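One structure is given below, encoded as structure tokens.
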Amino acid sequence: MFETATVLILGAGASMPYGYPSGEDLRSYIIKNLSNDESKLNEIIQLGYSLKDVKNFVNDLKGSQTYTIDEFIESREELIEIGKCAIAQALIPYESKNKLYEENNPQHWYRLLFKRMRTKKFEDFDSNEISIVTFNYDRSIEEFLFNTIQRLYGKSNDKCSEKINEIPIVHVYGKLGDLEWQNSMGRPYDPKITSMKLKSAAMGIRTMHDYDKMGIKKIKNFCKKCKELYFLGFGYDPINLRRLDILSDIKEFDGYDNDTINKTIRGTAFDLGEHNMREVSRYFNGKIEFGSNEEDCAKFLKKYGF
């Protein structure tokens, strides 16, 4: 189990082993879905948007030349709500329980995480000193942990729900709604879309404009007090780094100067590129240990004993 206070900060790359798209691919899927698939187009129209609304949204997203839909709607506040619907519509079909348990998936890092979290007694599971911060909308990590402890310990839904809810998991930009074991009105982890499910999922999403400010305060507290901090599948977007402002909070809490920060900071660097690695390293005053640019989350964690 985690006996040392540890924080995991997850980016899109952390969910990709479970079938979810990267930020760039998500943008492409949205454009493709709403340009070429009449059924997808109708799903958005059924939420109260006109055909013209949807067409204008897609054309502007495509023409904006942004790399992600998040970047786009950050600049177009009037399109935030339809943007949330488009995000939810694109992501819900990836909610596959089978993907969470593929035996032959070499990138299956959730399994490594759970091996580290596992306790002999069910009652001790929430004693793990771990907090999870995710910039992703998907709910895969909660679903995996819930189902896995239920299978391992054979406890009821209610008891397993209580345990998982004691593990801090903060979605900075919201998520595709609560799961059914988290909330009686929640939506199951399921790829099927209805108008009601789509609307519910979209309502759970936040953006860079309406991000979880209370959640950020919690995250800052986690990062101040932890001894180990891991970035997994994270793109090190400058806006997100500034929002977290991790380094200044760490220094303020620990009372150390830049050269003696009493904390281990590590991060994946898969496909990050040398220039970006230098920029991120400079942001952390050289106090971040990178994996190689060929290491996925699983390989990276194995290197550190997970």
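One gets my numbering by counting positions in the sequence shown from 1 and adding 64 to each. Cβ atoms here follow ideal geometry from the backbone N, Cα and C, with glycine treated the same way. Computed from a prediction, not measured in an experiment: that's the story for all the values here.
C-alpha gap between residue i and residue j, whole angstroms
{"i": "residue 106", "j": "residue 328", "result": "49 angstroms"}
{"i": "residue 337", "j": "residue 299", "result": "11 angstroms"}
{"i": "residue 294", "j": "residue 246", "result": "26 angstroms"}
{"i": "residue 205", "j": "residue 361", "result": "14 angstroms"}
{"i": "residue 317", "j": "residue 308", "result": "A caution first: residue 317 carries a pLDDT of 47, below 50, which makes its placement in the model too unreliable to give a value."}
{"i": "residue 268", "j": "residue 188", "result": "31 angstroms"}
{"i": "residue 369", "j": "residue 232", "result": "22 angstroms"}
{"i": "residue 152", "j": "residue 96", "result": "15 angstroms"}
{"i": "residue 339", "j": "residue 286", "result": "29 angstroms"}
{"i": "residue 130", "j": "residue 273", "result": "17 angstroms"}
{"i": "residue 114", "j": "residue 280", "result": "36 angstroms"}
{"i": "residue 265", "j": "residue 159", "result": "12 angstroms"}
{"i": "residue 292", "j": "residue 89", "result": "31 angstroms"}
{"i": "residue 174", "j": "residue 68", "result": "19 angstroms"}
{"i": "residue 288", "j": "residue 304", "result": "17 angstroms"}
{"i": "residue 284", "j": "residue 310", "result": "7 angstroms"}
{"i": "residue 348", "j": "residue 192", "result": "27 angstroms"}
{"i": "residue 249", "j": "residue 236", "result": "22 angstroms"}
{"i": "residue 127", "j": "residue 172", "result": "36 angstroms"}
{"i": "residue 330", "j": "residue 200", "result": "19 angstroms"}
{"i": "residue 195", "j": "residue 219", "result": "23 angstroms"}
{"i": "residue 98", "j": "residue 326", "result": "49 angstroms"}
Paired residues, beta bridge with residue i - DSSP
{"i": "residue 330", "result": "294 and 353"}
{"i": "residue 238", "result": "269"}
{"i": "residue 196", "result": "72 and 233"}
Residues of its chain near residue i, where Cβ-Cβ distance is below 6 angstroms and the 5 sequence neighbours each way are ignored
{"i": "residue 209", "result": "228"}
{"i": "residue 132", "result": "87 and 91"}
{"i": "residue 183", "result": "65 and 189"}
{"i": "residue 180", "result": "370"}
{"i": "residue 356", "result": "none"}
Three-state secondary structure (DSSP) of residue i
{"i": "residue 172", "result": "coil"}
{"i": "residue 146", "result": "helix"}
{"i": "residue 111", "result": "coil"}
{"i": "residue 123", "result": "helix"}
{"i": "residue 305", "result": "helix"}
{"i": "residue 243", "result": "coil"}
{"i": "residue 341", "result": "helix"}
{"i": "residue 65", "result": "coil"}
{"i": "residue 260", "result": "helix"}
{"i": "residue 336", "result": "coil"}
{"i": "residue 158", "result": "helix"}
{"i": "residue 180", "result": "helix"}
{"i": "residue 250", "result": "coil"}
{"i": "residue 82", "result": "helix"}
{"i": "residue 203", "result": "coil"}
{"i": "residue 218", "result": "coil"}
{"i": "residue 185", "result": "coil"}
{"i": "residue 212", "result": "helix"}
{"i": "residue 274", "result": "coil"}
{"i": "residue 369", "result": "coil"}
{"i": "residue 153", "result": "helix"}
{"i": "residue 190", "result": "helix"}
CB contact flag (residue i, residue j, <9 angstroms)
{"i": "residue 165", "j": "residue 186", "result": "no"}
{"i": "residue 198", "j": "residue 74", "result": "yes"}
{"i": "residue 290", "j": "residue 70", "result": "yes"}
{"i": "residue 136", "j": "residue 91", "result": "yes"}
{"i": "residue 243", "j": "residue 252", "result": "yes"}
{"i": "residue 156", "j": "residue 257", "result": "yes"}
{"i": "residue 202", "j": "residue 239", "result": "yes"}
{"i": "residue 117", "j": "residue 140", "result": "no"}
{"i": "residue 302", "j": "residue 169", "result": "no"}
{"i": "residue 234", "j": "residue 161", "result": "no"}
{"i": "residue 241", "j": "residue 163", "result": "no"}
Sequence-distant residues of the same chain with beta carbon closer than 8 angstroms to residue i, five excluded per side
{"i": "residue 77", "result": "86, 296, 297, 298, 299, 332, 334, 360 and 361"}
{"i": "residue 93", "result": "85 and 154"}
{"i": "residue 176", "result": "362, 365, 366 and 370"}
Contact set for residue i: own chain, Cβ-Cβ below 7 angstroms, skip 5 residues either direction
{"i": "residue 144", "result": "137, 271 and 273"}
{"i": "residue 345", "result": "352"}
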